[in-house]
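Here's the structure, in structure tokens; my notes come after.
4 protein chains.
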Amino acid sequence: MATGDTAPRPSSALTRKGAATRARLIQAAQCVFSERGFLQSKITDITAAAGTANGTFYTYFDSKEQVLMAIADEVVGRFLGTLREGRSTSGDPAEVISHDNHQYVVAYRAHADIMRVIEQAATFNNEMAVLRRSIRERFVERAARSIRTWQAEGLCSADLTPRIVAALLVAMVDNFAYNWLSLGQPHPEDEVVHAMNEIWIRALRIPKEARTHPAQL
Amino acid sequence: MATGDTAPRPSSALTRKGAATRARLIQAAQCVFSERGFLQSKITDITAAAGTANGTFYTYFDSKEQVLMAIADEVVGRFLGTLREGRSTSGDPAEVISHDNHQYVVAYRAHADIMRVIEQAATFNNEMAVLRRSIRERFVERAARSIRTWQAEGLCSADLTPRIVAALLVAMVDNFAYNWLSLGQPHPEDEVVHAMNEIWIRALRIPKEARTHPAQL
Amino acid sequence: MATGDTAPRPSSALTRKGAATRARLIQAAQCVFSERGFLQSKITDITAAAGTANGTFYTYFDSKEQVLMAIADEVVGRFLGTLREGRSTSGDPAEVISHDNHQYVVAYRAHADIMRVIEQAATFNNEMAVLRRSIRERFVERAARSIRTWQAEGLCSADLTPRIVAALLVAMVDNFAYNWLSLGQPHPEDEVVHAMNEIWIRALRIPKEARTHPAQL
Amino acid sequence: MATGDTAPRPSSALTRKGAATRARLIQAAQCVFSERGFLQSKITDITAAAGTANGTFYTYFDSKEQVLMAIADEVVGRFLGTLREGRSTSGDPAEVISHDNHQYVVAYRAHADIMRVIEQAATFNNEMAVLRRSIRERFVERAARSIRTWQAEGLCSADLTPRIVAALLVAMVDNFAYNWLSLGQPHPEDEVVHAMNEIWIRALRIPKEARTHPAQL
DNA sequence: AATGAATGAGTCTTCATTCAT
DNA sequence: AATGAATGAAGACTCATTCAT
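Chains as they are written, first to last, in the working numbering: chain A, 16 to 232; chain B, 16 to 232; chain C, 16 to 232; chain D, 16 to 232.
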């Protein structure tokens, strides 16, 4: 799951105390980053928030970038975890879409602050850009796979390239979530999720009636 | 058009020479920003590229942010101009959508580099965030207006809130363009634009046959 | 003459004022280094001594090492200049030796403080080690050349390899000067220089009587 | 022999285990110092090499300087020991000189790496400078004593001050050895040692024939 | 207007040394 | 004795911005 090297600096395993301090620093960094953004955060802000001395930061991380990678890796893991947990078991495409979009919004909301930080860091840090891209790629991949299956089974229109529709629809969901949840643009949740679902369903021409049964598209 | 205060520092009008120097600085800044991003660019990079002395920068701009605002304003103006020029005169929704999406892609591609810079600056500079939001807002507004009209005329489905579908579809187009054209993810243009159009058309349930004539949606 | 790259950071030529500031910084660095050694000197010590702001240092130099290189290059130049100026015109080996040793001591004394600094820096900085070695190498080379000539002309013993005797005798003079003049070990100048000369003369078996005339060695 | 305070920190005697740990640390420090020099060596490099925890270092030493003093004391002891062991019993000055020079080279070669470290530390640490000076002083003293004896016995020229010739000749041997063996400048051993001996012998005008018997100098 | 030197606040980063366990 | 986490003083370096000419 992890993309960056999040291993602690000391090569030996951490003691219980060390692990606790490291965790405190990560926690503090997450707070500080969320509050003022990555760029505006100083190492001393983090150590102050963690209640450690300045230099302690460097016992566990090489740089601000590295601690963000550690956080991001963890967040991505939790994010994906949230999605997996709530995986729809139904084979009904409309239900799958509705379910996934809802889960996506729920998961995003839980990490909206740190996603904003990752988004910022991705604009100037290559490692972070790679991570950011990989998150999205994962969703595109998954959506494309579903679409390919549905097309094969005649459950949806087959006239659009799966990879491309998937990329477009994921861009929509992901970026809308960013503007809405990370940047705080107000939108009514119910309507938004409904519209999202409908756009997916219509784009893929998933038939309304008896969606688990093939229809003439 | 302008969002930030882009007036030159001296309140008096610029001499011809002064205007030329200012233009050279803007030009240079745009190059430098495009190449290494806003954060990585130093004032001296800009003045070196413009062939002026270090301090000359401050004869025309108050800060690095301000020169970016000047550039961004100009770019936004050209961006919107490009779209307006190519405005579809047809009333056929499908044609309008197809036309607008194509124009959008063309316009975005022309400013992809600087859009990446604006995107970066928007993550930490409020003025830039406001500008960035305003660009998108303009498109959402316009799309929502079209949709509202089409709905009123029975040219498209009326079951989704215009503002929300518009926001979602614009998020899709805008963010996909960013990833594709600003960040360089490869995609086949024809297919992408086709899929984009189809998603809009299907999302809005614009009937294929006789699109200028109302149909039962 | 110069070994390191002592060009000022700004690629353009310095203005009169800039050159003055740079000179002041070099002057100050030389004082500070001489007083407390290279390692114990902080950049702020130098700028304080030069009466400039902290950052001004970096307008002219990249690092403490670089300013030392600039100083060292200059010192080496002056050092070699001093020796050249006072070059013995006589062909008499004893006279040449006596003259050169005297000049060497005079030149060394003039730069004893900075030589101590160079000696220190050469123990951990490779560039400086190279410079330090190159100074000595120059003297060894010169001495070896003289010896070779004298041997060919029968003016001195030919049973020792010129390069090796030269290296040994230069090590003696150079290192004794370091201990005496740089580290401050007290020695009576007259006696020391006399003994130095005698050791060279005897080592090379230069005949006392009629030294410009070949003798049976 | 010891110059610095090399007593272990706890005043009580060391346990067997403690002594072993201390020895391991000294051994490790010597390796690390030799490899990267005193300044570039971190305490953690030493403890890592010794296979102990960071803090253990301070159970046995007060500082990085102190462990070097301990090493230097030991090295100086071994150095002098090597020389003493191989002491020439002959009274023949030429033989004594040749023997001593050879022994000196052998002894120096055995400690060339750590001598380089001591040389470095002596440039900024007073204790180390004192130690370094004391080593040389010992040799100068010894050489001066021999010379004085030989002069008194008519075995060598009496026109140069023993202390001064000794200081010069020791500077030659010592510094040449440093450049050759510590800094790695290549030289052919046989020729070098031969030339060294000859310089001493000629400088002191030790007669070739029947050197144990007084001659007219 | 233009120049380019001067400024100095702001941060990062290192690592010898201490300390609680 | 040993451990290894914690400390924090110390100093380097950057670069947007100001200023004297």
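All C-beta atoms, glycine included, are put in the ideal place defined by N, C-alpha and C.
Does R220(A) come out as helix, strand or coil in the three-state DSSP assignment?
coil
Can you tell me whether K79(C) is buried or exposed? The criterion is at least 16 other CB atoms within 10 Å of its CB, across all chains shown.
buried
Helix, strand or coil at A192(D) [DSSP, three-state]
helix
Could you tell me the alpha carbon to alpha carbon distance between A65(B) and R151(A), rounded to whole angstroms?
39 Å
From I136(C) to F72(D), what does the alpha carbon distance come to, in whole angstroms?
Reading the sequence as shown, one finds Ala at residue 136(C) and not Ile. Roughly 28 Å separates the two Cα atoms.
Return the first residue and the last residue of the alpha helix (DSSP H) that P203(C) is part of.
No alpha helix (DSSP H) holds P203(C); DSSP gives it neither H nor E.
Would you say the segment 115-129 of chain A touches the segment 163-183 of chain A, given that touching needs at least three Cβ pairs under 8 Å?
no
Count the C-beta pairs between the segment 159-171 of chain C and the segment 200-212 of chain C that are closer than 8 Å, then say yes if the count reaches three, no if not.
no
Straight-line Cα distance separating V91(C) from M16(C):
For M16(C), the predicted model reports a pLDDT of 41, less than 50, meaning its position is unreliable and no value from the coordinates is stated.
Using the beta-carbon of each residue, which ones in chain B are nearer than 8 Å to I86(A)?
What I86(A) touches in chain B: nothing, since even the nearest Cβ is about 17 Å away.
Near-chain C residues of the segment 75-100 of chain D - C-beta to any C-beta below 7 Å
none
DSSP three-state label for R262(C), please.
The structure shown has nothing for residue 262(C), since chain C only spans 16 to 232.
Note down, one range per segment and in chain order, each alpha helix (DSSP H) of at least 4 residues found wholly within the segment 35-105 of chain D.
58-65, 72-75 and 79-100
From which residue to which residue does the alpha helix (DSSP H) around A136(A) run?
A127 to A137
Show which residues of chain B have a CB atom less than 9 Å away from the CB atom of M143(A).
Correct list: empty, because the minimum Cβ distance to chain B is about 12 Å.
Starting from F48(D), find everything on chain C with Cβ-Cβ shorter than 8 Å and list it in chain order.
Ordered by position in chain C, no residue passes the 8 Å Cβ test against F48(D), which lies about 12 Å from the chain.
Near-chain D residues of the segment 114-138 of chain C (beta-carbon distance less than 7 Å), N- to C-terminal order
E134, Q135 and T138
By the DSSP assignment, the alpha helix (DSSP H) with S149(C) in it spans what residues?
N141 to A167
Proximity winner among E168(A), V185(A), T176(A) and N116(A), relative to S149(A) (alpha-carbon distances):
V185(A)
For N116(A) and I86(A), I'd like the C-alpha separation in whole angstroms.
24 Å
CA-to-CA distance, S113(C) to F154(C), given in whole angstroms:
15 Å
Name the chain A residues whose beta carbon is nearer than 8 Å to that of F72(B)?
Ordered by position in chain A, no residue passes the 8 Å Cβ test against F72(B), which lies about 22 Å from the chain.
A125(A) beta carbon less than 8 Å from that of S197(A)
no
Just the C-alpha distance for I41(B) and V82(B), rounded to the nearest angstrom, thanks.
7 Å
Same chain, Cβ closer than 7 Å to T59(A), five either side skipped, listed in chain order:
N69
Can you list, in chain order, the residues of the segment 205-225 of chain D whose Cβ is nearer than 7 Å to any Cβ on chain C?
E206, V207, A210, M211, E213, I214, R217, A218 and R220
Counting only beta-carbon atoms, is V155(A) nearer than 8 Å to chain B?
no
Just to confirm before moving on: does the CB-CB distance between Q37(D) and Y75(D) stay below 8 Å?
According to the sequence as given, residue 37(D) is Arg; it is not Gln. A contact, by the Cβ cut-off of 8 Å.
Spell out whether any CB of chain A is found under 8 Å from the CB atom of N69(B).
no
Can you pull out the residues from the segment 157-178 of chain A whose beta carbon lies closer than 7 Å to at least one beta carbon of chain B?
L175 and T176
Taking all protein chains shown into account, do 16 or more other C-beta atoms lie within 10 angstroms of the C-beta of Q55(C), making it buried, or fewer, making it exposed?
exposed
Rounded to the nearest angstrom, what separates L98(A) and R157(A) at their Cα positions?
12 Å
Comparing alpha-carbon positions, which option in R51(B), D77(B), E50(B) and A44(B) lies nearest T62(B)?
A44(B)
Looking at the C-beta of A63(A), does it have a partner C-beta in chain B at a distance below 8 Å?
no
Mind pulling the chain A residues with CB within less than 7 Å of A186(B)?
M187, N190, F191 and N194
Mind reading off the beta-carbon distance from G52(B) to F139(A)? Whole number of angstroms is fine, and I expect it under 8 Å.
6 Å
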